[in-house]
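Keeping their order, the protein sequence lines are chains A and B.
Each residue of the first sequence is one higher than the one before, starting from -5 at the first, in the working numbering.
Each residue of the second sequence is one higher than the one before, starting from 16 at the first, in the working numbering.
All residues carry an ideal CB built from backbone N, CA and C; glycine is no exception.
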Amino acid sequence: KAGVTQTPRYLIKTRGQQVTLSCSPISGHRSVSWYQQTPGQGLQFLFEYFSETQRNKGNFPGRFSGRQFSNSRSEMNVSTLELGDSALYLCASSLSGSGTGELFFGEGSRLTVL
Amino acid sequence: DAKTTQPNSMESNEEEPVHLPCNHSTISGTDYIHWYRQLPSQGPEYVIHGLTSNVNNRMASLAIAEDRKSSTLILHRATLRDAAVYYCILRSTGANSKLTFGKGITLSVRP
């Protein structure tokens, strides 16, 4: 079965712009979570959605937002981009989002902010 | 949130067992211990997880201390393809299951 698909894979933006990243989970998975990965901070949790509701949120400013659609696809948006937002953004899907299940990660969207 | 502590790096020889340690002294009773690994230019990949008892699967074994304050991921015979960053993560049950990643341990495998 198809894995987690993230689009776009690579993108370049300039400071002040906004960006929208998309994540299509594995069919049947209802939980989607997002992570930011940078060399300095490692992998950091952004937020998690389950059945179109945000269940959990990490310690990121309000410029980072997300949503989930009825088909479980999810998008995250970063507004007023800063240089420090350059990172690999990963999404992961799971059946229920509880601690008992494994997460399936996509290959990520690499954002470069100039 | 409960955190994990891992060494920065380890080296192993090919076809030898590898023991990757993780400390999680603030683990709560509802936290599962998960291990993921990330190969270069890829997203993290699930390896194994457990709650209290030791676990085995086709990829690895997970040994959990009796007090659950530490665990060890065991790769029985390291291959060159096992060279990756390994993350030990605590994941709570229930609706607010937040994942907190540490820095991970970089495993190098010598041929």
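Counting C-beta neighbours from all protein chains within 10 Å, is the total for D82 of chain B 16 or more, i.e. buried, or is it exposed? exposed
Between the CA atoms of S16 of chain A and P2 of chain A - distance to the nearest angstrom: 7 Å
Candidates A:G100, A:L105, A:T106 and A:R104: closest to A(-4) of chain A by CA position: A:G100
What separation, rounded to the nearest whole angstrom, lies between the Cα atoms of G(-2) of chain A and R49 of chain A? Position check: residue -2 of chain A holds Val in this sequence, whereas Gly was assumed. Approximately 20 Å between the Cα atoms of the pair.
I want to see whether chain B comes within less than 8 Å of S27 of chain A, judged by CB atoms only; does it? yes
Give a yes or no on whether the C-beta atoms belonging to G102 of chain A and L82 of chain A are separated by under 8 Å. yes
Interface partners of L108 of chain A on chain B, CB under 7 Å: Neighbours of L108 of chain A on chain B: none; closest Cβ ~22 Å, over 7 Å.
R92 of chain B (DSSP reduced to helix, strand or coil): coil
Whole-angstrom Cβ separation of I63 of chain B and N69 of chain B, contact assumed at under 8 Å? 10 Å between Cβ atoms; not a contact.
At which residues does the beta strand (DSSP E) containing F44 of chain A begin and terminate? G36 to F44
May I have a chain-ordered list of the beta strand (DSSP E) segments no shorter than 3 residues that lie completely inside the segment 52 to 81 of chain B? 60 to 65 and 76 to 79
With three or more C-beta pairs closer than 8 Å as the rule, is the segment 91 to 104 of chain B touching the segment 59 to 76 of chain A? no
So with CB distances below 7 Å, who are the chain B contacts of G22 of chain A? Within 7 Å Cβ-Cβ: nothing; G22 of chain A doesn't reach chain B, min ~17 Å.
DSSP three-state assignment for L84 of chain A, whether helix, strand or coil: strand
Interface residues of chain B facing T94 of chain A [CB-CB closer than 7 Å]: Y47 and T108
In whole angstroms, what is the alpha-carbon distance linking I6 of chain A and E60 of chain B? 26 Å
Quick one: what does DSSP say L114 of chain B is sitting in, helix, strand or coil? strand
Neighbourhood of T45 of chain B by C-beta, 6 Å cutoff - its chain only, sequence neighbours within 5 removed: S107 and T108
Residue range of the beta strand (DSSP E) that includes R109 of chain A: Given a span of -5 to 108 for chain A in the structure shown, any question on residue 109 of chain A remains unanswerable.
Less than 8 Å between CB atoms is the rule here; does Q57 of chain B satisfy it with respect to chain A? yes
Using a Cβ-Cβ cut-off of 8 Å, state whether L77 of chain B counts as contacting chain A. no
Could you tell me which chain B residues have their CB closer than 9 Å to the CB of F99 of chain A, listed as they occur along the chain? Y51, Q53, Q57, G58, P59, E60 and Y61
Helix, strand or coil for Q60 of chain A, going by three-state DSSP, please let me know. Per the sequence presented here, residue 60 of chain A reads as Gly, with Gln not at that position. Three-state DSSP puts G60 of chain A in a strand.
Considering only residues of the same chain and omitting the five flanking positions on each side of V72 of chain A, which have a CB-CB separation below 7 Å? Q12, V13, R57, F58 and D79
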